[in-house]
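**Student:**
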Ligand SMILES: Cc1ncc(COP(=O)(O)O)c(C=O)c1O
């Protein structure tokens, strides 16, 4: 398959930043004509991005992370997530294909059918699961977890929730460059805003940096769905800045993106009682997406993001449009 756009744009990265293609690019864009909103709404659909057509946004991150794990000679990935972690499952399954083992510390979240099904998949994935239950207990368990997963071959490669490191963030720098190509070719108009869920920040941060590098004026609107991490504009911009520094350190030559917290909009009003708690707005958005746009969302991330998009558009806060909804959910059906 073809080289990633980041490598095409900055050729020295080709040797310095290994990449493993796991999905089919570009992901499709389409107008959601059934969604009656005050501005036109488009969708970039990441749901089919990954081997076998499942995966969503984490696969973009793993395309950069997994080769980095190999480059550092690690054999095990140690990460963390909620009981229904899409991230932990993707890391376990895609890592396994690269001969890596995965350990996941699991933090409690409200139990529903979706979470229960994810837990079954996690158990089947072969990952070592440690039910640490709370953020505090997870942090306290880190020395033990490190020791437990250190072998003669070395320390585990530690990844934060959602894989939102500088390396993982490159996945959405790449996706933003891809979007710019779709705008340039006339596949869709340049959006005034792109709306995405913010669970650990890598998706929003990568988009922010990538859109700036691509020269688009599209503003990133991040809808916070996780109350267990600090996820405000300075944090997102700092992560984008670390990704920018990484690109430059590995040989990319470009003027400073000069990102500042004012360059991104972060909203928290659609979180509800907390991470994984469904809200009436998100339930409405979930069924609206299914009935009017044939979009399968889930209640933890994407339905909250779409609920925010609809409300913000109705308030005139996404004018002039069009608005792009990033569908980051890639359901695994078995
Ligand atoms: C379906 C889905 N959408 C959005 C996100 C949030 O992305 P990020 O963690 O990069 O903020 C996640 C994170 O796991 C996710 O699983």
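In this note's numbering, the protein residues as written are 2 to 335.
For glycine and all other residues, C-beta sits at the position ideal for the given N, C-alpha and C.
(1) Thinking C-beta only, is residue 88 closer than 8 Å to residue 82?
(2) Assuming residue 208 and residue 197 are in contact, meaning their beta carbons sit under 8 Å apart, how far apart are those beta carbons, in whole angstroms?
(3) Please name the residue, chosen from 250, 16 and 36, that lies closest to residue 1 on a Cα-to-Cα basis.
(4) Can you give the beta carbon distance from residue 18 to residue 194, rounded, assuming they're within the 8 Å contact cut?
(5) Would you please verify whether the beta carbon of residue 87 is less than 8 Å from any beta carbon of chain D?
(6) For residue 236, is the beta carbon positioned less than 7 Å from some heavy atom of ligand 1?
(7) What's the C-alpha gap between residue 15 and residue 274?
(8) Measuring CA to CA, which of 187, 245, 235 and 93 is closest to residue 1?
(9) How long is the line joining the alpha carbons of residue 171 and residue 65, rounded to whole angstroms?
(10) Secondary structure at residue 83, three-state DSSP: helix, strand or coil?
(11) Roughly how many angstroms lie between the CA atoms of residue 131 and residue 325, to the nearest whole one?
(12) According to DSSP, simplified to helix, strand and coil, what is residue 202?
(13) Using only alpha-carbon positions, find the residue among 51, 257, 125 and 102 that is nearest to residue 75.
(14) With burial defined as no fewer than 16 other Cβ atoms inside 10 Å of the residue's Cβ, what is the status of residue 179: buried or exposed?
(15) Going by DSSP, what residue range makes up the beta strand (DSSP E) through residue 43?
(16) Count the other C-beta atoms from every protein chain shown that fall within 10 angstroms of the C-beta of residue 121, then say buried if there are 16 or more, exposed otherwise.
(17) Going by DSSP, name the residue or residues bridged to residue 57.
(18) Find out if the Cβ-Cβ distance for the pair residue 105, residue 86 is shorter than 8 Å.
(19) Helix, strand or coil, according to DSSP, for residue 133 in the structure here?
(20) With distances taken between CB atoms, is the gap from residue 221 to residue 239 smaller than 8 Å?
(21) Is the separation between the beta-carbon of residue 305 and that of residue 226 shorter than 8 Å?
(22) Excluding the five sequence neighbours on either side, which residues of its own chain have a C-beta within less than 6 Å of the C-beta of residue 241, listed in chain order?
(23) Ligand 1 and residue 163: does any heavy atom of the ligand fall closer than 7 Å to the residue's C-beta?
(24) Given the structure, does residue 201 come close to ligand 1, in the sense that its CB is under 7 Å from one of the ligand's heavy atoms?
(25) Using the C-alpha atoms, what's the distance from residue 272 back to residue 228?
**Tutor:** With the given structure in hand:
(1) Contact: yes.
(2) Indeed they touch by this definition, with Cβ atoms about 7 Å apart.
(3) This structure cannot speak to residue 1, because the chain is shown only from 2 to 335.
(4) 29 Å between Cβ atoms; not a contact.
(5) The structure shown has no chain D; it contains just one protein chain.
(6) Residue 236: no, Cβ never under 7 Å from ligand 1.
(7) Cα to Cα, residue 15 sits roughly 44 Å from residue 274.
(8) Residue 1 is absent from the model: the chain starts at 2 and stops at 335.
(9) If you draw a straight line from the Cα of residue 171 to the Cα of residue 65, it is about 7 Å long.
(10) Looking at residue 83 - three-state DSSP - the assignment turns out to be strand.
(11) A straight-line Cα-Cα distance of about 37 Å links residue 131 and residue 325.
(12) If DSSP states are grouped into helix, strand and coil, residue 202 belongs with coil.
(13) When only C-alpha atoms are compared, the closest one is 102.
(14) Buried, since its Cβ has 16 or more Cβ neighbours within 10 Å.
(15) From DSSP, the beta strand (DSSP E) with residue 43 extends over 42–46.
(16) With a threshold of 16 other beta carbon atoms within 10 Å, residue 121 falls short and is exposed.
(17) Answer is 330.
(18) Yes, they are a contact pair.
(19) Note: residue 133 maps to strand in three-state DSSP.
(20) Contact: no.
(21) Contact annotation: residue 305 and residue 226 have beta-carbon atoms nearer than 8 Å.
(22) If you ignore the 5 residues before and after residue 241, its C-beta comes within less than 6 Å of the C-beta of 206, 209, 210 and 260, all in its own chain and listed in chain order.
(23) Between ligand 1 and the CB of residue 163, the shortest heavy atom gap is smaller than 7 Å.
(24) Answer for residue 201: yes, Cβ within range of ligand 1.
(25) Going by the C-alpha atoms only, they are around 8 Å apart.
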